[in-house]
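Let me begin by presenting the structure, written as structure tokens, before commenting on it.
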Amino acid sequence: MIRRVAVLVSATLVLAACQREERDTRPQSALGSGEQPTPVTTLEPGGERPFHTDNKAASFEANAFHMSEGKRLFSWFNCSGCHANGGGGMGPALMDEKWIYGSSMESIHATIRDGRPNGMPSFRDKIPDDQIWELAAYVRSLSGNAPSSAAPQRNDDMMVHPSENRMPDAATLGKSP
Amino acid sequence: MKRPVSMAFATAGALLLQGCAGWQSVLDPKGPAASEQAWLIWFFTGLCAVVWVLVMIALAAPLMMRSRAQAEPLAIDAGAEGRKLRVVLTAVAVTAAILIGLTLLSFFANRTLAAIGSDASLTIRVTGHQWWWEVRYEDATPSRILTTANEIHIPAGEPVRLLLTSTDVIHSFWIPSLSGKLDLIPGHINVLDIKADKPGVYRGQCAEFCGAQHANMGTFIIAEPRAKFDAWWNDQLQPAVAPAGDEAKAGEDLFLRRPCVMCHRIGGTPAGGTVAPDLTHIASRKTLAAGTLTMSRGNLAAWIADPQGVKPGSHMPVVDLDGDELNAIVAYLEGLK
């Protein structure tokens, strides 16, 4: 009897493994539009204004599928043209700890969507909102700001830097913890 | 009880045989390579069937025969032993001869296949993408190089050389009625020579599992008489026709303002993306999304409105368009003959 139950339980477990990974490929409008203003500075008269984080930011931030899509789009949309493979060139490096406009998902999303002075173009209307969030999640992984269990693990081409899941956390790099 | 069962068997058999015909079948060869392979398939199957039957008879015969009781089971009858030895040796010799014969047949068939494209004048580069085919017609004159997608036009009766490669994962190019399959490997070029004896449309399919939409990665070889093929090439080299009518004009404008322009190319407009299928003459193709949908206004709208519903996981994102915008873009694309 016990053996039968054990067989049944393990068979159920094996079948449960057939569950495919869930991937969000359709935009979820319920999660917010990414249209809320992102403050560029914390200096504000009359105290700090309350800042609401975007729901989408949280659902994209540590998601393996979205990060790998972001990695593909990073090369498809030629981000490397200015940022190289994260090392920077004409545009600032993305794998260091310096964030001119903040390191949050919302800030990176706003940077891609609206552009920034001195060269960053605005991709508003040229990249669908979800794809901008995917790019933002990937950009964060370049400086070790993504869980190593979710960040992309390999390159399709020659490796120019360690894969994103092995990128050191730029903020603590070279400092003793 | 007996009749329905036999009826079911007959129906199933007929349906199975039906699967051997049609535009995507190895047993329905339309070119020299496929004919050679179909002949090999039939010959191997036939010969192996004969061998199988003989082996089964040889196995069954001793089981059927009643064994004679022997007085001394361990006694050796030299004459019978010698006969058995000769039978076994003969069987071994025949087996070896059949295997060597089949190897030689397959060797000569390979030589025939290799000779098909030795004088090919047309070279086409086929690049596999998740989940569509990029098709580039090579030419010594750069202005005559043509890039299109998913449909491969070739002149009938002429050998054509295909250079197969991939940008992401391993795919496999397989037009069953024209040739065997060959892998498309990232960073490597495989050469496949094909020839279609007669004009016609031959369907092909990716034959190496390549991800979520592997099943919807179809392609078509369209073999045409030489004159028609040349005319097609010249037509395809032209830039896209200017949009006719206000709606189509608005559609072009939207196409260039919206995410479409980031990935797709339309010759004669600023749209120059190369990571997705070239749309310069999209309306002249028979299908959409690599053989997933037939080309029609409705299917174009469905595909653009919800690519993730038609082909879940494909790299075409859902773009935020309202009804009028969608109609305008469809009207524009529909005119790109």
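Each protein sequence line maps, in turn, to chains A and B. Residue 95 in the working numbering sits at position 95 of the first sequence, and the numbers go up by one each step. Residue 59 in the working numbering sits at position 59 of the second sequence, and the numbers go up by one each step. Glycine is no exception: its CB is placed at the ideal position from the N, C-alpha and C atoms. Just so you know, these numbers come straight off a predicted model, no measurement behind them.
Query, Result
"So, K337/B versus L178/B, is the Cβ gap smaller than 8 Å?", "no"
"Taking one C-beta from the segment 75-92 of chain B and one from the segment 120-135 of chain B each time, how about it: are there three or more such pairs within less than 8 Å?", "no"
"Name the chain A residues that come within less than 7 Å of V258/B, Cβ to Cβ?", "Per the sequence presented here, residue 258/B reads as Arg, with Val not at that position. Near R258/B (Cβ distances below 7 Å), the residues of chain A are D125."
"Below 7 Å on C-beta distance, what does Q308/B contact in chain A?", "T25, R26"
"Could you tell me whether any Cβ in chain B is nearer than 8 Å to the Cβ of W76/A?", "yes"
"Name, in chain order, the residues that DSSP records as bridge partners for T111/A.", "None, per the DSSP bridge assignment."
"Spell out whether any CB of chain A is found under 8 Å from the CB atom of P243/B.", "no"
"Given this structure, state the Cα-to-Cα distance separating M316/B from L300/B, to the nearest angstrom.", "13 Å"
"Spell out whether any CB of chain B is found under 8 Å from the CB atom of Q131/A.", "yes"
"Do you know whose CA, among P117/A, A62/A, P92/A, R23/A, lies nearest N165/A's CA?", "A62/A"
"When you compare only the Cα positions, how much space is there between L113/B and A212/B?", "33 Å"
"Using three-state DSSP, classify Y332/B as helix, strand or coil.", "helix"
"Can you look up Y101/A in the DSSP assignment and give me helix, strand or coil?", "coil"
"Using only alpha-carbon positions, find the residue among L27/B, T45/B, L47/B that is nearest to A38/B.", "L27/B"
"For the alpha helix (DSSP H) containing Q131/A, list its first residue and its last residue.", "129-142"
"Taking the alpha carbon of A34/B as the point to measure from, which residue in Q308/B, R66/B, D197/B has its own alpha carbon closest?", "D197/B"
"Relative to the C-alpha of G87/A, which candidate in D130/A, S143/A, S122/A has its C-alpha closest?", "S143/A"
"Please confirm whether D54/A has its beta-carbon closer than 8 Å to some beta-carbon of chain B.", "no"
"Does the beta carbon of D156/A sit closer than 8 Å to a beta carbon anywhere in chain B?", "yes"
"Check whether the segment 240-252 of chain B and the segment 315-330 of chain B touch, using three or more Cβ-Cβ pairs below 8 Å as the test.", "yes"
"Considering only their Cβ atoms, is the gap separating A283/B from E334/B smaller than 8 Å?", "yes"
"Could you tell me whether the Cβ of P73/B comes closer than 8 Å to any Cβ of chain A?", "no"
"Any idea what DSSP makes of D183/B, helix, strand or coil?", "strand"
"Any idea which residues DSSP pairs P155/B with across the strands?", "E224/B"
"Thinking C-beta only, is S122/A closer than 8 Å to R113/A?", "yes"
"Using a cut-off of 8 Å between C-beta atoms, extract the partners of G313/B located in chain A.", "R23, T25"
"If you drop the 5 nearest sequence neighbours on each side, which residues of the same chain put their C-beta closer than 6 Å to that of D278/B?", "T147, T148, A149, R265"
"Determine which residues of the segment 164-193 of chain B have a Cβ less than 9 Å from any Cβ of chain A, and write them out in chain order.", "T167, D168, V169, P186, G187"
"Below 8 Å on C-beta distance, what does P128/A contact in chain B?", "P259, P317, V318, V319, D320"
"Could you work out which residues of chain A lie near M262/B, taking near to mean beta carbons separated by less than 7 Å?", "F77, K126, I127"
"Name the residue from W76/A, M90/A, S75/A whose alpha carbon lies nearest to the alpha carbon of C82/A.", "M90/A"
"Give, in chain order, every residue of the segment 275-300 of chain B whose Cβ lies closer than 7 Å to some Cβ of chain A.", "V275"
"How would you write the range of the beta strand (DSSP E) that F173/B sits in, first residue to last?", "171-174"
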